[in-house]
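S.K.: Have a look at the structure that comes next, please.
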Ligand code: SF4
């Protein structure tokens with residue numbers, strides 16, 4: 021998103037980390053970065069144990085495929101456990117390791133290339149460059165494998181493969197024609213981050229994102245083009261322009277796509293590997309320690325993937341066992357049915373974690389969804405976001421039905437129309453109608 025005439029943030033970014041804990045109304049809030057959403061089963065168990073020992077016992081999944089734990093007290097016990105689990109590899113760079121990646125990459129034959137190896141390469145180089153510790157904690161990278169699922173989620177610097185060897189570099193959602201060899205993709209993302217910092221210094225404002233700079237995407241792209249000599253030439257492009265970056269004929273159009281994988285994901289028929297992946301939705305992105313332990317126990321390949329839709333993917337499950345796995349997850353309150361009314365419903369923190377909130381939005385959203393559970397109508401694919409005040413923190417990108425607490429109930433906003441709802445019953449009915457497109 022480009023913010024026109026943005027005159028600068030009035031304060032420095034105070035995004036929480038595992039070490040830089042935010043004092044929320046319900047205690048300390050620590051956020052742990054999980055590049056590409058990749059977690060080992062032992063890391064998930066450590067998170068579950070540490071959330072129970074030091075916090076509220078709940079792991080919250082974020083829209084950047086990171087995790088956070090609330091209700092922490094004084095002391096560094098939580099951070100020490102995260103460091104021991106390999107989830108805090110750099111004290112100086114912990115808050116800048118915001119890396120989205122296509123959650124199904126390498127699992128289902130989708131996309132153009134498996135971006136899995138690029139996640140660790142990017143993370144390693146990010147942490148190794150001292151100057152990049154100055155990036156704001158909101159700055160975000162995305163590695164899309166070519167299917168376009170994370171390219172439209174508003175990262176500052178995105179790689180989107182456009183062919184087997186070539187990728188577009190998209191800045192703040194704007195395709196300015198930058199193209200690089202896939203082999204140079206990580207280098208291009210690092211260059212984008214460096215040039216964001218250079219442009220930020222030149223403009224002498226406080227900004228957290230490329231889109232917040234004056235003419236940010238174009239100016240950062242111009243700076244990157246000036247460094248194109250550092251890149252190998254792109255085959256088939258004008259050598260005068262294509263030493264690393266080139267002008268594209270038609271800009272790519274990027275937009276948010278889908279609500280994330282839910283249910284069994286097959287491999288292509290031709291694949292010799294007959295294992296499947298299972299997409300799991302986590303209601304309102306809140307995972308109890310017991311649910312996390314269960315997921316870790318069922319992830320037979322030793323790895324899980326967090327998604328930017330606040331869900332998880334269990335990779336490489338035995339096809340014969342996947343129905344039993346899904347049943348156990350459903351018993352524990354997790355969702356593997358793509359038609360579930362929980363799909364696409366998000367909520368801000370609300371009460372008691374946020375002092376600004378006019379309601380306990382998560383409890384109210386749960387009541388509303390539970391009350392429509394037996395409705396015969398399809399719950400639809402329109403995302404619904406519940407918020408405790410007009411700030412609407414955590415609102416997904418794109419077209420969304422907003423359910424906003426007013427102090428006298430809720431108000432549902434969609435496409436410029438508003439409907440006041442006095443109680444949860446009315447709000448649930450309005451939400452169901454909106455998802456059925458009114
Ligand atoms: S939207 Fe309002 S109530 Fe919800 S977390 Fe943000 S500031 Fe708090």
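In the numbering used here, the protein residues as written are 21 to 458. Where is the CB? At the ideal position from N, CA and C, for every residue including glycine. Just so it is clear, the structure is predicted and the values come from calculations on it, not from any experiment.
(1) For a quick check, are the C-beta atoms of residue 333 and residue 55 less than 8 Å apart?
(2) Roughly how far, in whole angstroms, is the beta-carbon of residue 281 from the beta-carbon of residue 327, given that I think they are within contact range, below 8 Å?
(3) According to the neighbour-count rule (16 or more other Cβ atoms, all chains shown, within 10 Å of its Cβ), is residue 187 buried or exposed?
(4) With DSSP collapsed to three states, give me the class of residue 367.
(5) Are the beta-carbon atoms belonging to residue 68 and residue 50 less than 8 Å from one another?
(6) Any heavy atom of the ligand SF4 closer than 7 Å to the Cβ of residue 426?
(7) Any chance the CB of residue 369 is under 7 Å from a heavy atom of the ligand SF4?
(8) Between residue 408 and residue 425, how many whole angstroms is the CB-CB distance? I'm expecting something under 8 Å.
(9) Are three or more beta carbon pairs between the segment 118–136 and the segment 71–80 nearer than 8 Å?
(10) Can you give me the C-alpha to C-alpha distance between residue 423 and residue 390, rounded to a whole angstrom?
(11) State yes or no: is the C-beta of residue 149 nearer than 7 Å to some heavy atom of the ligand SF4?
(12) Rank 80, 335, 34 and 305 by C-alpha distance to the C-alpha of residue 294 and give the top, closest one.
(13) Would you give the residue range spanned by the beta strand (DSSP E) that residue 430 belongs to?
(14) Cβ of residue 63 within 8 Å of Cβ of residue 106?
(15) Please work out which residues of its chain come closer than 6 Å, Cβ to Cβ, to residue 44, disregarding the five sequence neighbours upstream and downstream, and give them in chain order.
(16) Kindly list the residues whose CB is nearer than 6 Å to the CB of residue 262, restricted to its own chain and excluding five residues on each side of it in sequence; keep chain order.
(17) Tell whether a beta-carbon distance below 8 Å holds between residue 109 and residue 147.
(18) Could you tell me whether any non-hydrogen atom of the ligand SF4 is closer than 7 Å to the CB of residue 408?
(19) Indicate, with yes or no, if the ligand SF4 has a heavy atom lying under 7 Å from the CB of residue 340.
(20) Per DSSP, residue 343 is paired with what?
(21) Quick one: using the 10 Å Cβ neighbour count with 16 as the cut-off for buried, is residue 134 buried or exposed?
(22) Grab the span of the beta strand (DSSP E) containing residue 64 for me, first residue to last.
(23) Candidates 381, 219, 363 and 361: which alpha carbon is nearest residue 370's?
(24) Per DSSP, what are the beta-bridge partners of residue 326 in this structure?
(25) Just to confirm, does residue 413 get its C-beta within under 7 Å of one of the non-hydrogen atoms of the ligand ZN?
(26) Count the other CB atoms, across all protein chains shown, that sit within 10 Å of the CB of residue 416; report buried if there are 16 or more and exposed otherwise.
(27) Between which two residues does the beta strand (DSSP E) carrying residue 250 extend?
(28) Does any heavy atom of the ligand SF4 sit closer than 7 Å to the C-beta of residue 377?
M.R.: Let me lay it out:
(1) With contacts defined by Cβ atoms closer than 8 Å, residue 333 and residue 55 do not form a contacting pair.
(2) 7 Å
(3) buried
(4) strand
(5) Taking 8 Å as the Cβ cut-off, residue 68 and residue 50 do not qualify as a contacting pair.
(6) no
(7) yes
(8) Their Cβ separation, rounded to whole angstroms, is 5 Å, which keeps residue 408 and residue 425 in contact under 8 Å.
(9) no
(10) 16 Å
(11) no
(12) 335
(13) Counting along the chain, the beta strand (DSSP E) containing residue 430 begins and ends at 430–434.
(14) The answer is yes: Cβ separation under 8 Å.
(15) Excluding sequence neighbours, residue 44 sits near 373.
(16) Only weak support exists for where residue 262 lies, its pLDDT of 44 falling under 50; the value from the coordinates is given anyway. Within the same chain, residue 262 has close Cβ partners 253 and 254.
(17) For residue 109 and residue 147, yes; Cβs fall inside 8 Å.
(18) True, at least one ligand heavy atom lies under 7 Å from that Cβ.
(19) no
(20) Per DSSP, none; premise fails for residue 343.
(21) exposed
(22) Per DSSP, residue 64 belongs to no beta strand (DSSP E); it is in the alpha helix (DSSP H), 61–74.
(23) 381
(24) Partner residues in the beta bridge of residue 326, as assigned by DSSP, are 332.
(25) The ligand ZN is absent from the structure shown, which contains only the ligand SF4.
(26) It counts as buried.
(27) Neither: residue 250 is in no beta strand (DSSP E) and is coded neither H nor E.
(28) Indeed, a heavy atom of the ligand SF4 lies less than 7 Å from the Cβ.
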